[in-house]
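Trainee: What follows is a structure written as structure tokens; I'll ask about it next.
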Amino acid sequence: MSVNSIPVIAIDGPSASGKGSVAERVAHQLGFHYLDSGALYRIVALAAHNKQIAWSDGATLGTMIPNLHIAFTNGEVLLNGENVSTAIRSPAMSNGASQVAVHPAVRNALLALQHSFRKAPGLVADGRDMASVVFTDAQLKIFLTANVEERANRRYKQLIQQNIDANYDVILQDLQERDARDKTRSSAPLMQTKEAILLDTDNRNIAQAVAFVLKEYQASLQKFNSQQ
Ligand code: DC
1 MSVNSIPVIA
11 IDGPSASGKG
21 SVAERVAHQL
31 GFHYLDSGAL
41 YRIVALAAHN
51 KQIAWSDGAT
61 LGTMIPNLHI
71 AFTNGEVLLN
81 GENVSTAIRS
91 PAMSNGASQV
101 AVHPAVRNAL
111 LALQHSFRKA
121 PGLVADGRDM
131 ASVVFTDAQL
141 KIFLTANVEE
151 RANRRYKQLI
161 QQNIDANYDV
171 ILQDLQERDA
181 RDKTRSSAPL
191 MQTKEAILLD
201 TDNRNIAQAV
211 AFVLKEYQAS
221 LQKFNSQQ
């Protein structure tokens, strides 16, 4: 099986839209691999913070990336052997990830690593540019979104459940800032490609969103088979 014939389901969308949970469950149901590309940008932000490299210094960040040892093992994210699963989810690293992601040098340095996740029997990849840049030949492209108040509300409830102090207005403002940065940057901005199917989750829970993606995937397979 050539790499290009391995199916990819690309799920793009804004921060806190729930695309990670949906993508992970779709991958599990299909027995596919899963790529959380946002985690890579978060790792870059954390590694830069540890090495005291500014998030605005794209050139230095780009040369730092090939020397990082990044692994996803048993649901944990490891940076140079250290479990950073919790550290990369902090509000500071969410913000840092969005800042390091504007640099073409950072995006290019992460490209080959993202491609290496494409393994049989298939891959579900979530992020901002999975359909537009990284896996342009994806079998199925989904643009998963929800309005910003709904996303802020979900993030707020999630933090409270984890006993983490949270303020709805601060979360809302942070999401609005990250949305604006992710959509307006010149390199690989967040966007819905013309082939992507819109999945609006304002009125759908995770199980319904997963069912939607699986149904679209089956439909894409039937379409593909009928064209052979
Ligand atoms: O999906 P997330 O919230 O974990 O992503 C964190 C940041 O990383 C997000 O603000 C923008 C950036 N990102 C990106 O630019 N491209 C991707 N494919 C994934 C994430």
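Just so we're aligned, residue 1 is where the sequence shown starts under the numbering used here, counting upward by one.
C-beta atoms are modelled at their ideal positions from N, C-alpha and C, and glycine is treated no differently.
1) Go through its chain and collect everything with a Cβ distance to LEU175's Cβ below 8 Å, but skip five positions before and after it.
2) Quick check: the stretch 132-149 against the stretch 203-223, are at least 3 beta-carbon pairs closer than 8 Å?
3) Just to confirm, does GLY58 get its C-beta within under 7 Å of one of the non-hydrogen atoms of the ligand DC?
4) Name the two residues that bound the continuous alpha helix (DSSP H) containing THR145.
5) Note down the Cα distance separating HIS28 from SER116, rounded to an integer number of angstroms.
6) Should SER187 and PRO104 be called a contact, given that it needs their Cβ atoms to be closer than 8 Å?
7) Give me the Cα-Cα distance between THR184 and ILE65, rounded to the nearest whole angstrom.
8) Would you say the beta carbon of ARG178 comes nearer than 7 Å to a heavy atom of the ligand DC?
9) For SER2 and ALA120, I'd like the C-alpha separation in whole angstroms.
10) Of all the options ILE171, GLY62, LEU30 and LEU35, which has the alpha carbon lying nearest to the alpha carbon of SER90?
11) Checking 8 Å against the spacing of the C-beta atoms, do VAL8 and ARG118 come in under that value?
12) Is ASN83 helix, strand or coil when you go by DSSP?
13) Let me know if LYS19 comes out buried or exposed under the rule of 16 or more other beta-carbons within 10 Å of its beta-carbon.
14) Taking MET130 and ASP12 to be in contact with their CB atoms under 8 Å, please state how far apart those CB atoms are, rounded to whole angstroms.
15) If distances are taken between C-alpha atoms only, which option among PHE32, ILE197, ASN225 and GLU82 comes closest to GLY122?
16) What are the start and end residues of each continuous beta strand (DSSP E) run of 3 or more residues lying completely inside the stretch 143-217, in chain order?
17) Whose C-beta lies closer than 6 Å to the C-beta of ALA10 among residues of the same chain, with five residues either side of it excluded?
18) Using the rule of at least 16 other Cβ atoms within 10 Å of the residue's Cβ for burial, across every protein chain shown, is ASP182 buried or exposed?
19) If you check the beta carbons only, do VAL100 and ALA48 fall under 8 Å apart?
20) Is the beta carbon of MET130 within less than 7 Å of some heavy atom of the ligand DC?
21) Report yes if the CB atom of ALA71 is closer than 8 Å to the CB atom of LEU46, and no otherwise.
22) So, GLY58 versus VAL106, is the Cβ gap smaller than 8 Å?
Mentor: In short:
1) Residue 175 sits at position 175 when you count from the first residue of the sequence shown. Taken in chain order, the residues that qualify are PRO14, SER15, ALA16, VAL148, ARG151, ALA152 and ARG155.
2) Short answer: they touch.
3) For the purposes of this step, residue 58 is identified with residue 58 of the sequence shown, where counting begins at 1. No.
4) Counted from its first residue, the sequence shown places residue 145 at position 145. Membership of THR145 in any alpha helix (DSSP H) is not indicated; the residue belongs instead to the beta strand (DSSP E) covering 140-145.
5) On the sequence shown, residue 28 is found 28 positions in, with the first residue counted as 1. On the sequence shown, residue 116 is found 116 positions in, with the first residue counted as 1. When rounded, the distance between both Cα atoms is 19 Å.
6) Start at 1 with the first residue of the sequence shown, and residue 187 comes out as number 187. Start at 1 with the first residue of the sequence shown, and residue 104 comes out as number 104. In this structure, PRO104 lies closer than 8 Å to SER187 by Cβ.
7) Locating residue 184 in the sequence shown gives position 184, where the first residue counts as 1. Locating residue 65 in the sequence shown gives position 65, where the first residue counts as 1. THR184 and ILE65 have their alpha carbons spaced roughly 24 Å apart.
8) Position 178 of the sequence shown holds residue 178. Relative to the ligand DC, ARG178 has its C-beta within less than 7 Å of a heavy atom.
9) The count along the sequence shown starts at 1 and reaches residue 2 at position 2. The count along the sequence shown starts at 1 and reaches residue 120 at position 120. Going by C-alpha positions, SER2 is about 9 Å away from ALA120.
10) As a working mapping, residue 90 is identified with position 90 in the sequence shown. Per the Cα distances, ILE171.
11) Sequence index remark: in the sequence shown, residue 8 carries index 8 (1-based). Sequence index remark: in the sequence shown, residue 118 carries index 118 (1-based). A Cβ-Cβ contact shorter than 8 Å links VAL8 with ARG118.
12) Taking the sequence shown and counting its residues from 1, the one referred to as residue 83 is at position 83. Strand.
13) On the sequence shown, residue 19 is found 19 positions in, with the first residue counted as 1. Buried, by the Cβ-count rule.
14) Along the sequence shown, one-based indexing puts residue 130 at 130. Along the sequence shown, one-based indexing puts residue 12 at 12. With 8 Å as the limit, MET130 and ASP12 qualify as a contact, their Cβ atoms being about 5 Å apart.
15) Here residue 122 corresponds to residue number 122 of the sequence shown, with the count starting at 1. Between GLY122 and the set PHE32, ILE197, ASN225 and GLU82, the nearest pair of CA atoms involves PHE32.
16) Scanning the stretch 143-217 from its first residue to its last, the whole beta strand (DSSP E) runs of 3-plus residues come out as 197-200.
17) Counted from its first residue, the sequence shown places residue 10 at position 10. ALA125, MET130, ALA131, PHE135, ALA138 and LYS141.
18) As a working note, residue 182 is residue 182 in the sequence shown. When all chains shown are included, ASP182 counts as buried.
19) Residue 100 sits at position 100 when you count from the first residue of the sequence shown. Residue 48 sits at position 48 when you count from the first residue of the sequence shown. At a Cβ-Cβ threshold of 8 Å, VAL100 and ALA48 count as neighbours.
20) For this step, residue 130 is matched to residue 130 along the sequence shown. Closer than 7 Å to some heavy atom of the ligand DC: that describes the Cβ of MET130.
21) Translated into the one-based positions of the sequence shown, residue 71 becomes position 71. Translated into the one-based positions of the sequence shown, residue 46 becomes position 46. No, the pair does not count as a contact, with Cβ atoms beyond the cut-off.
22) Taking the sequence shown and counting its residues from 1, the one referred to as residue 58 is at position 58. Taking the sequence shown and counting its residues from 1, the one referred to as residue 106 is at position 106. Contact: yes.
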